[in-house]
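Chains as they are written, first to last, in my numbering: chain E, 400 to 480; chain G, 12 to 340; chain Y, 392 to 498; chain B, 2 to 119.
Next comes the structure, spelled out in structure tokens:
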């Protein structure tokens, strides 16, 4: 499959990286479902399910971190609103 | 075709790892670690290790990221460049790499069924599992029954780590100035003002918990078991804490209860072993738990996995709360 | 047979969508347009690929699991994109900027 | 195909050494921990790779699987528990780092040595 986009993970800014991580998670889910079927073992779809749920938590944690940083210290982030 | 795919994934992994080490920005490094872990899990899946892939997914992509971010929030996220002895380190690393690669030439080729690893105990496990334990997932059988001692040890390592973190943070910080001993000074209100994530997140939490229970009790038949389930359940509560704020999550599942969970899980494991002894078997021999040895094995594995799951949930959540409740100073 | 063809067609169209999404995420000039491109993967690509596999699976437990995966993906991915965009906005990244230098600024 | 036979091991070696480099050359303690977890992952990869058998499938017995060849379950068991243990020990390490930051005001090993010398 077209996972050539893994290269997107080298994107320029912090948010791009979060975006890439999220996208990567989605792609891993798709990939796993496809491979599970190529192997002919559909009971492994549990894995893909787990990824779909867990990846979300990771992204939300990142956002919470950003929010905290934005509200707490203004020194590090040079471009405050 | 699958092998080529694996090679592709591995190459991406090397690139990601290089990027992780090179970046000066620790926050970026942590996000890349998440991606690295996803790649790793996909690789495990390709290598037929479904259980391991599930564990890596539950731990690596979610909880590990959360913990590292929690630590970063407390310590600052920038790395200073230092050119101290980089050349020396590089040369050491290069020499060691060459030695290790030289050593690989003696290794059996990838996927070789005649490799020495596959000759010794593994066929025995594969053969005996249906008759002695009679559950389909050999990994669970080996984990909980054949090698129960190992797993007991692992659970106690996890237990000790959890207790260690609690000890580290239990000590009151003595600061020259500043108010002493305020634990949760900033009432983290979480992502409350993000409406959409909050609604969707609340919708998802019950499903994640349900899925965790499914993984826990389906571990005999498919990929799953106590370690994975513990991580998934912990992830669900972490999501709750992220959405509703630290204090609310602690109200739902207070720290005292968590400590109880840690100890209770480890104790349950030990108790099952002792119960086997009292009933006339060996330590961690489940065959005596019921009249029929195979039923006994089933009961034993179920209880053991429950103990593992409880302990892992307790430890991961305690660590999370310990990090998140700490204030940056 | 017909089902097979339909399923492979869906799979390849989904693959193309995922690919376009990836190219977009790589080539678009700033964060918000990149999110736009990436969400293409999350929605169209995911739906097509998973429906394609569902056709292969037929009516079984696997199809139900796939439906659950699809449901969760459709719930979580756009939410994550939305939260990401609002976080970026909160941190002061304006939609108009070309953010080539953003990393240096936040160092 | 012959050439690819050892590729997994090479990747293992390279990852191992990337992690090692981060541990010995980076002064930042959190970076060291990240390096340690890469190192750890490399070892996991080695074990799982050794467990793979050509044409095998995951060691979950099931009616209706045509190939009776299963990959080796033993490394999988070891790694499964090792991952969870790994995250616990990493958490402990992070805890220590946070305490160090609180006491020394820095997580850079040069600074810490500086403070200690005083």
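Cβ atoms here follow ideal geometry from the backbone N, Cα and C, with glycine treated the same way.
Q.
Just to confirm, is the Cβ distance from residue 44 (chain G) to residue 25 (chain B) under 8 Å?
A. Translated into positions along the second chain, residue 44 (chain G) becomes position 33. Translated into positions along the fourth chain, residue 25 (chain B) becomes position 24. Not closer than 8 Å, so no.
Q.
Quick check on this structure: which residue in G:320, G:34 and G:248 has the alpha carbon closest to the alpha carbon of residue 235 (chain G)?
A. Translated into positions along the second chain, residue 235 (chain G) becomes position 224. Selected option, being the one with the closest Cα: G:320.
(Q) For residue 233 (chain G) and residue 97 (chain B), I'd like the C-alpha separation in whole angstroms. (A) The count along the second chain starts at 1 and reaches residue 233 (chain G) at position 222. The count along the fourth chain starts at 1 and reaches residue 97 (chain B) at position 96. Taking the straight line from one Cα to the other gives about 37 Å.
Q.
Can you pull out the residues from the stretch 434 to 448 of chain Y whose beta carbon lies closer than 8 Å to at least one beta carbon of chain E?
A. 436, 437, 440, 441, 444, 447 and 448
Q) Where does residue 403 (chain E) fall in DSSP's three states? A) Translated into positions along the first chain, residue 403 (chain E) becomes position 4. Confidence at residue 403 (chain E) is low in this model, with a pLDDT of 49, below 50, so its placement is unreliable and no value can be given for it.
Q: Enumerate in chain order the residues of its own chain whose CB-to-CB distance from residue 461 (chain E) is below 8 Å, with the five nearest sequence positions on each side excluded.
A: Along the first chain, one-based indexing puts residue 461 (chain E) at 62. Around residue 461 (chain E): 417 and 420.
Q: On the DSSP bridge assignment, give the partners of residue 434 (chain E) in chain order.
A: The residue given as residue 434 (chain E) occupies position 35 in the first chain. DSSP lists no partner for residue 434 (chain E).
(Q) On the DSSP letters alone, give me the boundaries of the alpha helix (DSSP H) that residue 209 (chain G) sits inside. (A) Reading the second chain from its first residue, position 198 is the one you call residue 209 (chain G). Start and end: 206 to 228.
**Q.** Contact belief for residue 437 (chain Y) with residue 425 (chain E) at Cβ below 8 Å, rounded distance in angstroms
**A.** Along the third chain, read from residue 1 onward, the residue named residue 437 (chain Y) stands at position 46. Along the first chain, read from residue 1 onward, the residue named residue 425 (chain E) stands at position 26. About 6 Å separates the two Cβ atoms, so the contact holds.
**Q.** Pair within 8 Å by beta-carbon distance, residue 216 (chain G) and residue 264 (chain G)
**A.** Taking the first residue of the second chain as position 1, residue 216 (chain G) is located at position 205. Taking the first residue of the second chain as position 1, residue 264 (chain G) is located at position 253. Their beta carbons are not under 8 Å apart, which means residue 216 (chain G) does not touch residue 264 (chain G) by this criterion.
Q. What do you get for residue 458 (chain Y), buried or exposed, if any count of 16 or more other CB atoms within 10 angstroms of its CB means buried?
A. By one-based count along the third chain, residue 458 (chain Y) stands at place 67. Exposed, since its Cβ has fewer than 16 Cβ neighbours within 10 Å.
Q.
List, in chain order, every chain E residue whose beta-carbon is nearer than 8 Å to that of residue 217 (chain G).
A. Taking the second chain and counting its residues from 1, one reaches residue 217 (chain G) at position 206. The contacting residues do not exist; residue 217 (chain G) stays about 11 Å from chain E at best.
Q: Could you list which residues in chain G have their beta carbon closer than 9 Å to that of residue 466 (chain Y), in chain order?
A: Counting from one through the third chain, the residue named residue 466 (chain Y) turns up at place 75. Those within 9 Å of residue 466 (chain Y) in chain G are 211, 214 and 215.
(Q) Does any residue of chain Y have a CB that is nearer than 8 Å to the CB of residue 473 (chain E)? (A) Walking along the first chain from the start, residue 473 (chain E) turns up at place 74. Residue confidence is low: residue 473 (chain E) scores 40 on pLDDT, short of 50, so the model does not pin down where it sits. Its coordinate-derived value is still stated next. Chain Y contact via Cβ: absent.
(Q) Check whether chain E comes within 8 Å of residue 198 (chain G), counting only Cβ atoms and requiring the distance to be less than that. (A) Locating residue 198 (chain G) in the second chain gives position 187, counting from the first residue. Unreliable placement is indicated for residue 198 (chain G), whose pLDDT of 44 sits below 50; no coordinate value is reported for it.
Q.
Give me the subset of the stretch 221 to 239 of chain G whose CB atoms are less than 9 Å from a CB atom of chain B, sorted by chain position.
A. 232, 233, 234, 236, 238 and 239
Q) Within 10 angstroms of its Cβ, does residue 178 (chain G) collect 16 or more other Cβ (buried), or is it exposed? A) Position 167 of the second chain, counting from 1, holds the residue named residue 178 (chain G). By the neighbour-count rule (16 or more Cβ atoms within 10 Å), residue 178 (chain G) is not buried but exposed.
Q. Secondary structure at residue 29 (chain B), three-state DSSP: helix, strand or coil?
A. The sequence position of residue 29 (chain B) within the fourth chain is 28, counting from 1. Three-state DSSP puts residue 29 (chain B) in a strand.
Q | Neighbour list for residue 427 (chain E) in chain Y, Cβ cutoff strictly below 9 Å | A | Here residue 427 (chain E) refers to the residue found at position 28 when the first chain is read from its first residue. Result: empty, since nearest Cβ-Cβ is about 11 Å, beyond 9 Å.
Q) Leaving out the 5 sequence neighbours to the left and right, which residues in its chain are closer than 7 Å to residue 33 (chain G) when beta-carbon positions are compared? A) The residue you call residue 33 (chain G) lines up with position 22 of the second chain. Cβ within range, chain order: n/a, list empty.
Q.
Between residue 324 (chain G) and chain E, is any beta-carbon pair separated by less than 8 Å?
A. The residue labelled residue 324 (chain G) in the question sits at position 313 within the second chain. Chain E, which has no Cβ nearer than 8 Å to the Cβ of residue 324 (chain G), makes this no.
Q | Buried versus exposed call for residue 19 (chain G) [16 or more other C-beta atoms within 10 Å across all chains shown] | A | Within the second chain, the letter at position 8 stands for residue 19 (chain G). Per the 10 Å Cβ criterion, exposed.
(Q) At the 8 Å Cβ level, is residue 312 (chain G) part of the contact set with chain E, yes or no? (A) Along the second chain, one-based indexing puts residue 312 (chain G) at 301. False, the Cβ-Cβ gap to chain E never drops below 8 Å.
Q.
Any beta carbon from chain G within less than 8 Å of residue 436 (chain E)'s own beta carbon?
A. Residue mapping note: residue 436 (chain E) aligns to position 37 of the first chain, counting from 1. No, its Cβ sits nowhere closer than 8 Å to a Cβ of chain G.
(Q) For residue 274 (chain G) and residue 170 (chain G), I'd like the C-alpha separation in whole angstroms. (A) Your numbering for residue 274 (chain G) matches position 263 in the second chain. Your numbering for residue 170 (chain G) matches position 159 in the second chain. Each residue's Cα considered, the two are about 8 Å apart.
Q) What are the boundary residues of the alpha helix (DSSP H) that includes residue 436 (chain Y)? A) Reading the third chain from its first residue, position 45 is the one you call residue 436 (chain Y). First-last for residue 436 (chain Y): undefined, no H or E at that position.
Q: Examine the Cβ distances between the stretch 285 to 292 of chain G and the stretch 113 to 132 of chain G and report whether three or more of them are shorter than 8 Å.
A: no
Q) For the candidate residues Y:427, Y:423, Y:395 and Y:435, whose alpha-carbon lies nearest to that of residue 407 (chain Y)? A) Reading the third chain from its first residue, position 16 is the one you call residue 407 (chain Y). Of the listed residues, the one whose Cα sits closest to residue 407 (chain Y) is Y:435.
Q.
Below 8 Å on C-beta distance, what does residue 448 (chain E) contact in chain Y?
A. For the purposes of this step, residue 448 (chain E) is taken as the residue at position 49 of the first chain. The contacting residues are 456, 459, 460 and 463.
Q | Option in G:261, G:173 and G:79 with minimal Cα separation from residue 33 (chain B) | A | Locating residue 33 (chain B) in the fourth chain gives position 32, where the first residue counts as 1. The candidate whose alpha carbon is nearest that of residue 33 (chain B) is G:79.
**Q.** Option in E:453, E:427, E:463 and E:445 with minimal Cα separation from residue 51 (chain G)
**A.** Locating residue 51 (chain G) in the second chain gives position 40, counting from the first residue. Per the Cα distances, E:427.
Q.
For residue 50 (chain B) and residue 152 (chain G), I'd like the C-alpha separation in whole angstroms.
A. For the purposes of this step, residue 50 (chain B) is taken as the residue at position 49 of the fourth chain. For the purposes of this step, residue 152 (chain G) is taken as the residue at position 141 of the second chain. Straight-line Cα distance between these residues: approximately 21 Å.
Q. Alpha carbon to alpha carbon, what distance is there between residue 415 (chain Y) and residue 105 (chain G)?
A. As a first step, residue 105 (chain G) is located in the second chain; it is residue number 94 there, counting from the start. As a first step, residue 415 (chain Y) is located in the third chain; it is residue number 24 there, counting from the start. Looking at the two C-alpha atoms, the distance is approximately 38 Å.
**Q.** For residue 458 (chain E), the nearest candidate out of Y:411, Y:422, Y:423 and Y:473 (CA to CA)
**A.** Translated into positions along the first chain, residue 458 (chain E) becomes position 59. Checking every option, the nearest Cα to that of residue 458 (chain E) belongs to Y:473.
(Q) What are the residues in the stretch 264 to 293 of chain G lying within 7 Å of chain B by C-beta distance? (A) none
Q: Check whether the stretch 461 to 470 of chain Y touches the stretch 441 to 456 of chain E, counting contact only when three or more Cβ pairs, one atom from each stretch, lie closer than 8 Å.
A: yes
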